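Chemist: Residue numbers (the numbering used here), protein chains in the order written: chain A, 1 to 370; chain B, 1001 to 1370; chain C, 2001 to 2370; chain D, 3001 to 3370. For each residue, glycine too, the CB sits at the ideal point set by N, CA and C. Quick caveat, the model's predicted, so the values are computed rather than measured.
Protein chains: 4
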Amino acid sequence: MPDAPLGVALIGTGFMGKCHAMAWRNVAAVFGGAHHRLEILCDTPVDKAEAFAAQFGFARASSDWQAAVSDPCVDVVSITAPNGLHRPMAEAALAAGKHVWLEKPMALTLDDARAMAALAAEHPRQVTILGYNYLRSPAFQSARGLIAAGEIGIPHAFRGVYDEDYCADPDLPWTWRMTHAAGGLGALGDLGCHLVSHMVALMGPVAELTAMTHIAIPERPSPEGPRKVENEDSAMALLRFASGAHGSFATSRVARGRKCRLQWEVHGAEGSIVFDQENMNELWVHRRGEAGFKRHLTGPDQPDFAPFCPAPGHNFGFNEQKVIEARDLLVAIAGGMNAGPDFAAGLEIERIIHAMASSQGAAVTLGGDF
Amino acid sequence: MPDAPLGVALIGTGFMGKCHAMAWRNVAAVFGGAHHRLEILCDTPVDKAEAFAAQFGFARASSDWQAAVSDPCVDVVSITAPNGLHRPMAEAALAAGKHVWLEKPMALTLDDARAMAALAAEHPRQVTILGYNYLRSPAFQSARGLIAAGEIGIPHAFRGVYDEDYCADPDLPWTWRMTHAAGGLGALGDLGCHLVSHMVALMGPVAELTAMTHIAIPERPSPEGPRKVENEDSAMALLRFASGAHGSFATSRVARGRKCRLQWEVHGAEGSIVFDQENMNELWVHRRGEAGFKRHLTGPDQPDFAPFCPAPGHNFGFNEQKVIEARDLLVAIAGGMNAGPDFAAGLEIERIIHAMASSQGAAVTLGGDF
Amino acid sequence: MPDAPLGVALIGTGFMGKCHAMAWRNVAAVFGGAHHRLEILCDTPVDKAEAFAAQFGFARASSDWQAAVSDPCVDVVSITAPNGLHRPMAEAALAAGKHVWLEKPMALTLDDARAMAALAAEHPRQVTILGYNYLRSPAFQSARGLIAAGEIGIPHAFRGVYDEDYCADPDLPWTWRMTHAAGGLGALGDLGCHLVSHMVALMGPVAELTAMTHIAIPERPSPEGPRKVENEDSAMALLRFASGAHGSFATSRVARGRKCRLQWEVHGAEGSIVFDQENMNELWVHRRGEAGFKRHLTGPDQPDFAPFCPAPGHNFGFNEQKVIEARDLLVAIAGGMNAGPDFAAGLEIERIIHAMASSQGAAVTLGGDF
Amino acid sequence: MPDAPLGVALIGTGFMGKCHAMAWRNVAAVFGGAHHRLEILCDTPVDKAEAFAAQFGFARASSDWQAAVSDPCVDVVSITAPNGLHRPMAEAALAAGKHVWLEKPMALTLDDARAMAALAAEHPRQVTILGYNYLRSPAFQSARGLIAAGEIGIPHAFRGVYDEDYCADPDLPWTWRMTHAAGGLGALGDLGCHLVSHMVALMGPVAELTAMTHIAIPERPSPEGPRKVENEDSAMALLRFASGAHGSFATSRVARGRKCRLQWEVHGAEGSIVFDQENMNELWVHRRGEAGFKRHLTGPDQPDFAPFCPAPGHNFGFNEQKVIEARDLLVAIAGGMNAGPDFAAGLEIERIIHAMASSQGAAVTLGGDF
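1) If you follow the beta strand (DSSP E) that Asp-2163/C is part of, which residue opens it and which one closes it?
2) Would you kindly report the start and end of the unbroken alpha helix (DSSP H) that includes Asp-2112/C?
3) Shortest alpha-carbon distance to Pro-1300/B belongs to which of Ala-1081/B, Ser-1142/B, Ser-1070/B?
4) Short check: CB of Glu-1208/B to CB of Ala-1363/B, under 7 Å?
5) Touch check for the region 2052-2063 of chain C and the region 2023-2043 of chain C: three-plus C-beta pairs under 8 Å?
6) What distance in whole Å lies between the Cβ atoms of Thr-128/A and Val-100/A, which are believed to be in contact at a cut-off of 8 Å?
7) When DSSP builds the beta bridges, which residues end up paired with Lys-294/A?
8) Please state if the CB of Glu-2278/C and the CB of Gly-1292/B are separated by a distance shorter than 7 Å.
9) So, Arg-2025/C versus Arg-1025/B, is the Cβ gap smaller than 7 Å?
10) On the three-state DSSP scale, how would you describe Leu-1347/B?
11) Would you call the region 325-333 of chain A in contact with the region 176-184 of chain A, where contact means no fewer than 3 C-beta pairs closer than 8 Å?
12) Find the residues of chain F that neighbour Gly-3289/D, judging by a C-beta separation of less than 8 Å, and give them in chain order.
13) Considering only the alpha carbon of each residue, which of Leu-1262/B, Val-1206/B, Glu-1348/B lies closest to Ala-1139/B?
14) Can you list the residues of chain D that Ala-2242/C reaches, using a CB-CB cut of under 8 Å?
15) From which residue to which residue does the beta strand (DSSP E) around His-3246/D run?
16) Determine whether the Cβ of His-246/A lies closer than 7 Å to any Cβ atom of chain C.
17) Rounded to whole angstroms, what's the CA-CA distance from Ile-352/A to Asp-2190/C? Just pull it up for me.
18) From which residue to which residue does the alpha helix (DSSP H) around Asp-3342/D run?
19) So the beta strand (DSSP E) Trp-1101/B belongs to, where does it begin and stop?
20) Please state whether the Cβ-Cβ distance between Asn-2133/C and Glu-2325/C is less than 7 Å.
21) Return the CA-CA distance between His-296/A and Arg-2037/C, expressed in angstroms with no decimal places.
22) Grab me the residues of Gly-2017/C's own chain with a C-beta within less than 6 Å of its C-beta, minus the 5 sequence neighbours each way, in chain order.
23) Of all the options Pro-3307/D, Arg-3087/D, Ala-3053/D, Trp-3284/D, which has the alpha carbon lying nearest to the alpha carbon of Gly-2257/C?
24) Using a Cβ-Cβ cut-off of 7 Å, state whether Leu-10/A counts as contacting chain D.
25) Out of Phe-3015/D, Phe-3031/D, His-3020/D, point me to the one whose CA is closest to Asp-3304/D's CA.
26) Rounded to whole angstroms, what is the Cα-Cα separation between Ile-217/A and Gly-1268/B?
27) So, for Phe-3370/D: in the same chain, excluding its five sequence neighbours on each side, which residues have a beta-carbon less than 8 Å away from its beta-carbon?
28) Can the beta-carbon of Met-2106/C be found less than 7 Å from the beta-carbon of Gly-2346/C?
29) If I follow the unbroken beta strand (DSSP E) through Ser-3062/D, where does it start and stop?
30) If we count the other Cβ atoms within 10 Å of its Cβ and call it buried at 16 or more, is Gln-2126/C buried or exposed?
31) Return the CA-CA distance between Ala-3095/D and Val-3008/D, expressed in angstroms with no decimal places.
32) Could one say the Cβ of Lys-2294/C lies closer than 7 Å to chain A's Cβ atoms, at least one of them?
33) Of all Cβ atoms in chain D, is any one closer than 7 Å to the Cβ of Leu-1297/B?
34) For chain B, find out if any of its Cβ atoms is closer than 7 Å to the Cβ of Pro-2/A; answer yes or no.
35) Which residue's Cα is closest to the Cα of Glu-3290/D: Asp-2169/C, Gly-2033/C, Asp-2111/C, Ala-2029/C?
36) Identify, in the order they occur along the chain, each residue of the same chain with its Cβ nearer than 8 Å to the Cβ of Glu-232/A, setting aside the five sequence neighbours on each side.
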């Protein structure tokens, strides 16, 4: 970590842009350490950038992301622009010697992700971290720790879903997000990659998978009449992990009534753990010999909760996950371990979701490169 | 239905035997109609049969099932003997002109099930019904009715699991139930067939599936030392239904902490329905435009609850499902519709679970015979 | 217990009448022992009695309850008639030397209950038991046992409610049940007495209480125009137990959305227990040092479940509580302990609910007679 | 609102101090508007104040709160110091012309609260607001709005509890917080006042109440040997509201397993609403004619959620309540409505909890001053 406070550039002011901004504003207050210079807020048009720079407390505004990512006052770049811009922005930032905090999914295509990971490998002193915020919640970290510590024995099965319903309405208009070229994958890219991030963190590498995808609403209205949806509304997969365990996986953007149901369970020889992001402050743990599942409310006995609140049962929030993510980034910049996923680990996630997208019911081996 | 009360023979006095006995004792009291003659209780050895005949209120006891199923005083036979005896008993009963109420799974092998269905087809005036009791609960019937009535629109996705943990303990001794020859399928035969019964009732026929099976505990202790487990501890599948919908499916007998988690959800264009047999008196329904899922407690507004209790929220029990099953059988014997599954429909369930058992990750088409 | 099977008379064929009938039909099948002679079914008019005698399997029908309760073939009388008839029927049955199984509430007035308890005391060889079925569920018995065994330490606080909504609709017509003279107490008599039965079983005797009652819907429609509701729609109380613990209590028949919410929690020095009859197969237990509450699904590890089902998580039903109640009665008739409440214990429950009804916000001491 | 950004002084750096700091850092970023000058961080000793000033981003540190509250650069004072200092600090800030954001409970004694409210009334152009953060959550605001809009009809009953277990361990050492002189009320002051804030917001003024208090653990260890606990571990009350509705109320700091169970339900003529702060992102609503309660997950359809997150089901956090509280303060300073509670409304809350503390089972009328 440089002696002077880090200079931050933030690109994008949407859902995730604001989330990054709040994280940047609070990470030092929560965890201690130097406050960062909120240097450049980048969006288009420039007056929008200026308005948000004022709102989020950035020193400058810009509509020129190339200039921003190579600005000498900037040490780290938060990229929350549309997915199609992830690659050029991340590559430019890396080339300019910056650390990169990039929203998921990493890129539109697997080739893009490969190229980005390769470039990051050439810049080993620059930190890359992807916005898999659901990895940061105290309950998830606790679950991961319990499994790693052998508390439920060797895991032999995983069951996971990530369902939302933001595309469930057939009247929802067609957008470019529903095309391969501009939107990349569908539910797999939006939601499935988060579930993969949890799955791999809990179960280790995937050896093989078979998947099916489905487009529940094949056409959607547009001003020019009905247009075809190209990417998947939902996907399902069976998996074998390198450990020998097996698993099932499903994700949907058309699951009516589900809002953030990133839900999974792991069965081990000595117990089970169940989690649902819609109730992200509850972890359900069963241990051999006990009568049922225990509801473990999030509290200071779980990782990273205490700096936010000393009292258990006082709910941790979605946005606070991002504060932990910022802290993870800063630890890595300071020379500590990168909690990740960095671009290399992010590529593994991309390989899995693209394998699911292309499986069409056939088994795909993930051991080697493809 | 014959004018005289039906004479009943019950074979077996275990978990399901007692469950049938309670159903036979209460079905007329609950639903009205003639009481049945509880004619012969059949088990081995004969003194056990005699003790249970006294307990369950049967007129006679016998250790000779062949004699029992062909006894002229018997009109209907409840078969709850071990799975390997299902075929010979059912065939003998059919040959003797009796109606048959047979516990699931239908048979050890698909060939057995085919032969049984063929024989039943030759006896169209005799009713066959399989013990898929989870189809009978008021909540399930309500769910099925809501879907059939289009309340959630056209279903496009199914997610189902049936998990228990009765084999989760590695110290559990090896038994013949864990062999193909004597036990047939593992989790698929014990649990998975129930989930298939729900799935098919909700989603219609399966067109294609891909499945993987897993043996989590490959060897178990026996007096002669460790012995190999042959049938699956768990299975997972992806499915395409004839309707075009798709689904995921998983079942396990080694899912620590799960006791009767027959849980599924159906996503439709206009809503979703979620059910879990561990809370069999709750049905969760979401409809487009509403804020979330509604908890519908079982009550007299659901099918078949009112004859048991006029008050909602007064829990329906597992055993009472079997009373409805007996009623379904009696309706069919009286010439009404057979709510099923009869042996023909049961064969379809067997085809699905055997396809899952043999898929090994390859797609299996279910449209034709195999 | 007489050598010959007990002869049973059942008075009433409504909700509880049918429930008693099902219990009488199944108690021996479930628990073993001699089957009872279902001797006389009593209701008015006689053709209704005849129809139900046939349905429930009773040998004879009668519309003359006086004759029925003194019939020499009858050993035990199930009384499920309207509350105003409880006293004369129970007194006649006791006078005729019969055992009495009486539905709650015991009587319309406290004076009636006192007289009944006094008469029962004069017939110590005849068993009296009241229909507090919610005391019988495996989960409740388990909770009671855990507390008695000191598993949560000394209880210091009780919180209980019993809410339903069967009178929540203002359009519900006025009935005689809403008068003091014919209906007795309102929510306290229908629901509150059940909650008292739980509370006393868990916490011991009540020393003092203060209560308020409320009539939410003061007038209801009748053919003669709006009529006044006399008894309480809801009641709330604060209590001090003889043990020194304290508690809160509330009951309502106008709590929209609640169907059978008999819900309570007990806080002890070493843990807490939480129960809700709407999910009567779940018991929630927290012990000091553990992270949260554990969901204990009903199973054969809880009292009286195994004879119904060997498998945990296979839901116990409301009606099955009554089978256990019948067994409790039979054990007492056979000379075993009376699990109760007998008329003496029932009088204590009546004293508490009548004290609540009359408190009007003033403290009432329950130590002595009143 | 002054043209220049407001200058903020924050007193205290504990649980609530940090919570205020995070709110001050994010309120403008979330809701827009000018950023505030974080002017003075006040705590003792001064090096602690300096460390926290750096961490929270305040310009200056001080150990002299009198100087801080009268500093000309300060416009608004956040007071999070121990309860015994609330009165002198608030009075000094008001006297110095500052706006006051004061943590609850308002003061140690009712006399103190009266004096503070009187002083605030003399400074009508200065805003006072109390830290009743649980009033701010989107789910609570939504509930309050539904009731105010008549969605559940006229409320006739309230049931509320607020339980935690932070004092449940008998080994927890004695502290000055357990004395009347230094700690004020016990559970009522820590927790009960929050429940009162909800209750009054939902049900309107309290007309009359009867309460009991309880000390479950009368002595606690101290270095000088066991010392007496003076203030209540728990309290329970019955209430009549000015509206005619009635209610029950209970709070405990010794309820094992409860962490932040601020739970209540309101029964209305047309529906019911249920809330539990431990699951603060769920609101349960039942409406007449519907089958059960609907789980409404927090989302942008509820007040004040959208500025934090555009996506439903993405959990709102405890700390974010405080950001809304800061916004409420700023709106009032800018001349808008004070969402409150201001000191006048806070005094009403104090009157209720002190009435509960002193009732000892006798009815207390709250209509007039006492």
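Modeler: In this structure, then:
1) Walking along the third sequence from the start, residue 2163/C turns up at place 163. Looking at the DSSP string, the run of the beta strand (DSSP E) that includes Asp-2163/C is 2155-2163.
2) Translated into the one-based positions of the third sequence, residue 2112/C becomes position 112. Where Asp-2112/C is concerned, the enclosing alpha helix (DSSP H) stretches over 2110-2121.
3) Stepping through the second sequence from its first residue, residue 1300/B is reached at position 300. Comparing Cα-Cα distances from Pro-1300/B to each of Ala-1081/B, Ser-1142/B, Ser-1070/B, the minimum goes to Ser-1142/B.
4) For the purposes of this step, residue 1208/B is taken as residue 208 along the second sequence, with counting starting at 1. For the purposes of this step, residue 1363/B is taken as residue 363 along the second sequence, with counting starting at 1. Cβ distance < 7 Å, so Glu-1208/B and Ala-1363/B count as in contact.
5) yes
6) Here residue 100/A refers to the residue found at position 100 when the first sequence is read from its first residue. Here residue 128/A refers to the residue found at position 128 when the first sequence is read from its first residue. Sure, about 5 Å apart at Cβ, within 8 Å.
7) Numbered from its first residue, the first sequence carries residue 294/A at position 294. Per DSSP, Val-285/A, Lys-2294/C.
8) Position 292 of the second sequence, counting from 1, holds the residue named residue 1292/B. Position 278 of the third sequence, counting from 1, holds the residue named residue 2278/C. Contact: no.
9) Locating residue 2025/C in the third sequence gives position 25, where the first residue counts as 1. Locating residue 1025/B in the second sequence gives position 25, where the first residue counts as 1. In this structure, Arg-1025/B lies closer than 7 Å to Arg-2025/C by Cβ.
10) Taking the second sequence and counting its residues from 1, the one referred to as residue 1347/B is at position 347. Residue state, collapsed to three classes: helix.
11) no
12) Judged by its chain identifiers, the structure shown contains no chain F, and its protein chains are A, B, C and D.
13) Along the second sequence, read from residue 1 onward, the residue named residue 1139/B stands at position 139. Looking from the CA of Ala-1139/B, the closest CA among Leu-1262/B, Val-1206/B, Glu-1348/B belongs to Leu-1262/B.
14) Counted from its first residue, the third sequence places residue 2242/C at position 242. Under the 8 Å cutoff, chain D gives no residues; its nearest Cβ is about 15 Å from Ala-2242/C.
15) For the purposes of this step, residue 3246/D is taken as the residue at position 246 of the fourth sequence. Here the beta strand (DSSP E) through His-3246/D covers 3246-3252.
16) As a working mapping, residue 246/A is identified with position 246 in the first sequence. At a cut-off of 7 Å between beta-carbon atoms, His-246/A makes no contact with chain C.
17) For this step, residue 352/A is matched to residue 352 along the first sequence. For this step, residue 2190/C is matched to residue 190 along the third sequence. Going from the Cα of Ile-352/A to the Cα of Asp-2190/C covers about 60 Å.
18) What you label residue 3342/D is simply residue 342 of the fourth sequence in a count that begins at 1. Segment: none, Asp-3342/D is in no alpha helix (DSSP H) and carries neither H nor E.
19) Counted from its first residue, the second sequence places residue 1101/B at position 101. Here the beta strand (DSSP E) through Trp-1101/B covers 1099-1102.
20) By 1-based counting over the third sequence, the position of residue 2133/C is 133. By 1-based counting over the third sequence, the position of residue 2325/C is 325. Yes. Within cutoff.
21) Here residue 296/A is taken as the residue at index 296 of the first sequence, counted from 1. Here residue 2037/C is taken as the residue at index 37 of the third sequence, counted from 1. Cα to Cα, the separation comes out at about 52 Å.
22) Position 17 of the third sequence, counting from 1, holds the residue named residue 2017/C. Contacts found: Thr-2080.
23) Start at 1 with the first residue of the third sequence, and residue 2257/C comes out as number 257. The shortest Cα separation from Gly-2257/C among Pro-3307/D, Arg-3087/D, Ala-3053/D, Trp-3284/D belongs to Trp-3284/D.
24) For the purposes of this step, residue 10/A is taken as residue 10 along the first sequence, with counting starting at 1. Chain D contact via Cβ: absent.
25) Your numbering for residue 3304/D matches position 304 in the fourth sequence. Among Phe-3015/D, Phe-3031/D, His-3020/D, the Cα nearest to that of Asp-3304/D is on Phe-3031/D.
26) Translated into positions along the first sequence, residue 217/A becomes position 217. Translated into positions along the second sequence, residue 1268/B becomes position 268. Looking at the two C-alpha atoms, the distance is approximately 11 Å.
27) Indexing the fourth sequence from 1 puts residue 3370/D at position 370. Low confidence applies here, because Phe-3370/D scores a pLDDT of 43, under 50, leaving its location unreliable; read the following figure in that light. Around Phe-3370/D: Arg-3351, Ala-3355, Val-3364.
28) If you number the third sequence from 1, residue 2106/C lands on position 106. If you number the third sequence from 1, residue 2346/C lands on position 346. Yes, the pair counts as a contact, with Cβ atoms nearer than the cut-off.
29) Mapped onto the fourth sequence, residue 3062/D falls at position 62. Note, Ser-3062/D: beta strand (DSSP E), 3060-3062.
30) Position 126 of the third sequence holds residue 2126/C. Classification for Gln-2126/C: buried.
31) Along the fourth sequence, read from residue 1 onward, the residue named residue 3095/D stands at position 95. Along the fourth sequence, read from residue 1 onward, the residue named residue 3008/D stands at position 8. Answer to the nearest angstrom: the Cα atoms are 16 Å apart.
32) Translated into positions along the third sequence, residue 2294/C becomes position 294. Cβ-Cβ to chain A under 7 Å: yes for Lys-2294/C.
33) For the purposes of this step, residue 1297/B is identified with residue 297 of the second sequence, where counting begins at 1. Chain D, which has a Cβ nearer than 7 Å to the Cβ of Leu-1297/B, makes this yes.
34) Within the first sequence, numbered from 1, the residue matching residue 2/A stands at position 2. Only weak support exists for where Pro-2/A lies, its pLDDT of 44 falling under 50; the coordinates are left without a value.
35) Stepping through the fourth sequence from its first residue, residue 3290/D is reached at position 290. Of the listed residues, the one whose Cα sits closest to Glu-3290/D is Asp-2169/C.
36) Taking the first residue of the first sequence as 1, we reach residue 232/A at position 232. The answer, listed in chain order, is Leu-185, Gly-186, Ala-187, Leu-188, Thr-213, His-214, Ile-215, Ala-357.
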